[in-house]
Structure formats: structure tokens, C-alpha cells
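K.L.:
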Amino acid sequence: MFSKLRSLWIAGALCLVTGAANAELLIPMEIGTIWEYYTYYESNPDNGWTGRVETLGEITEGSKTYFHFRMHEIDPGEIDDRYARSTEDAVYGWNGAAEYTLWKTGRVGETWTYIKDPADLTRKTTVEIIDDSVPITVPYGGPFYAYHYHKRSSSSVDPNAVWEWDEYVVPGLGMIKLVDDPASHSPRITELVVPEPSTFVLLGVGAVGLLMCRRRNRRR
């Protein structure tokens with residue numbers, strides 16, 4: 010079950026800055042980009058695995074266009090397809106029946122909920138903004154100034170079926186880190202390693218993320 014939830018977060022990750030035309034989107038998206046992520050257990054960081062995400066194309070639902078992302082080995086042995094789009098202030102997923110909000114900018118402490126799977130209306134995910142400018146360093150570089158989202162997936166029919174995890178999203182760059190901390194094992198961490206092709210300067214992307222966070226803070 011949690012492997013599907015992990016695919017959900019990375020479906021929004023998904024795209025990095027590749028051109029000035031996309032600079033105003035929260036997560037700029039472009040066909041043809043590939044990202045590599047390294048996943049490991051905190052207790053054994055040298056024995057992890059590499060997965061990748063590629064942007065294959067687009068689909069149109071009504072008046073909205075979503076990018077098609079394919080996840081390879083983000084969880085060992087799994088391939089998963091997801092669809093997402095970005096505006097200046099939010100990233101939305103599409104589950105084949107309805108749109109839901111993966112991430113959005115906002116105030117620290119703000120919360121919202123979504124139902125990701127239309128076939129299971131008993132399960133919902135609650136999101137809380139923990140921080141809007143936390144410095145994060147990953148193998149790809151840093152520090153980047155990220156939104157920190159805490160997510161909790163729960164079931165109305167099984168109170169024990171609860172998963173909690175944390176996601177770190179850099180405006181103008183994308184998802185750079187996920188921390189899954191279940192009671193059953195050591196925390197599992199997924200971090201951005203490299204996007205291909207890389208057509209931007211790391212320092213510039215870090216500055217863009219910080220400036221976007223500060224600009225949105227001034228709007229509140």
C-alpha cells in the first residue's frame with residue numbers, strides 16, 4: 010500500500026527548471042526530462058537503490074492538460090504511471106476520475122485533505138505545511154529552500170491502517186526529498202541525485218526557490 014503512496018508524491022516531483030517560460034510555475038514541467046533518485050534506509054545508507062522518473066507526454070481532460078510520468082524502481086521491482094499539472098501556487102494530480110491537490114503554497118500550519126483513489130473513498134490523505142523555507146541538501150546539491158509537507162494517510166474503516174511521511178518541495182525545482190518513518194523499520198529516505206538533461210545552474214535554482222518563497226510570504 011505504501012509503495013503506491015510513494016508513487017503519488019513522486020508524481021508531483023517530477024519536473025525541474027528547463028526554460029524561462031516555465032519559471033512562474035510552482036513545479037515547471039517539460040516532456041523528456043529524466044530524474045534519478047536514491048532511496049535508502051537510514052540505518053544502512055550504503056545499501057540503497059536508484060530509481061528514475063521520466064516524463065513521457067501529456068493528456069488532456071476537459072480544459073486541463075496533465076503531464077504523464079512513469080516511475081521506474083522508486084520501489085524495487087515496481088513501475089507506476091502518474092499524471093500531474095502545475096500552476097504558480099499548486100501541483101494537482103489526476104487519478105482518472107478527479108483532480109486532487111498534491112502540494113500548494115500557503116501559511117505554515119495550513120492543512121487540507123484529498124482522496125487519491127476514486128475506487129477507495131474510505132481512505133484520505135491529510136497534508137500540513139510544516140515549514141515554507143527549510144534548507145535541505147541532497148546528493149544533487151544544496152542547500153535548497155524547501156516547503157516541508159507532512160502527510161498522513163488514514164482509513165475510515167481501519168483505524169490501524171495509517172501511514173505518515175514528510176515531503177520537501179523546492180519552488181521552481183521540484184520534489185527533492187521524502188522521509189518515510191514507519192514503526193516497522195528504520196526511516197526510509199529518497200533523495201534527488203540528478204536530472205537529465207540538466208540545463209540550469211544549481212546556484213540559480215536555489216536562489217529562485219528562495220526568492221519564490223519570500224515573494225509568496227510577502228503576499229500573505
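One rule links them: number in our numbering = place in the sequence shown (from 1) + 9.
Backbone N, C-alpha and C define an ideal beta-carbon position, used for all residues, glycine too.
Applying the criterion that 16 or more other CB atoms from any shown protein chain within 10 Å of the CB defines a buried residue, is Ala-107 buried or exposed?
P.N.:
Classification for Ala-107: exposed.
K.L.:
Looking at the unbroken beta strand (DSSP E) that takes in Leu-65, where does it start and where does it end?
P.N.:
From DSSP, the beta strand (DSSP E) with Leu-65 extends over 53-70.
K.L.:
Following the continuous beta strand (DSSP E) through Asp-90, name the residue where it begins and the one where it ends.
P.N.:
Start and end: 88-95.
K.L.:
Can you find at least 3 beta carbon pairs, one from the segment 141-158 and one from the segment 122-133, that sit closer than 8 Å?
P.N.:
Because the criterion of three Cβ pairs below 8 Å is not met, the segment 141-158 and the segment 122-133 do not touch.
K.L.:
Excluding the 5 residues preceding and the 5 following Leu-130 in the sequence, name in chain order all residues of the same chain whose CB lies nearer than 7 Å to its CB.
P.N.:
Around Leu-130: Ile-124.
K.L.:
With distances taken from CA atoms, which of Glu-119, Pro-196, Ile-43, Ser-142 is nearest Met-80?
P.N.:
When each option's Cα is compared against that of Met-80, the closest is Ile-43.
K.L.:
Is Asp-167 helix, strand or coil by DSSP?
P.N.:
Coil at Asp-167, not helix or strand.
K.L.:
Skipping 5 residues on each side, what residues in its chain have a beta carbon closer than 6 Å to that of Gly-57?
P.N.:
Tyr-47, Thr-48, Tyr-49.
K.L.:
Counting along the chain, where does the beta strand (DSSP E) carrying Ala-99 start and finish?
P.N.:
That run of the beta strand (DSSP E) goes 99-103.
K.L.:
Sort Gly-105, Glu-51, Gly-66 by Cα distance to Ala-128 and report the nearest one.
P.N.:
Considering only alpha carbons, the answer is Gly-105.
K.L.:
Quick check on this structure: which residue in Arg-197, Gly-181, Ser-165, Arg-161 has the alpha carbon closest to the alpha carbon of Trp-172?
P.N.:
The shortest C-alpha separation from Trp-172 is found at Arg-161.
K.L.:
Using three-state DSSP, classify Tyr-149 as helix, strand or coil.
P.N.:
Looking at Tyr-149 - three-state DSSP - the assignment turns out to be coil, as it is neither helix nor strand.
K.L.:
Return the CA-CA distance between Ser-195 and Ser-52, expressed in angstroms with no decimal places.
P.N.:
Each residue's Cα considered, the two are about 6 Å apart.
K.L.:
From the DSSP output, in three-state form, read off Arg-161 for me.
P.N.:
Looking at Arg-161 - three-state DSSP - the assignment turns out to be strand.
K.L.:
What does a CB cutoff of less than 7 Å around Glu-176 pick up in its chain, not counting 5 residues either side in sequence?
P.N.:
So the list reads Trp-18, Tyr-158, Lys-160, Met-184, Leu-187, once near-sequence residues are dropped.
K.L.:
Would you give the residue range spanned by the beta strand (DSSP E) that Gly-183 belongs to?
P.N.:
Start and end: 183-189.
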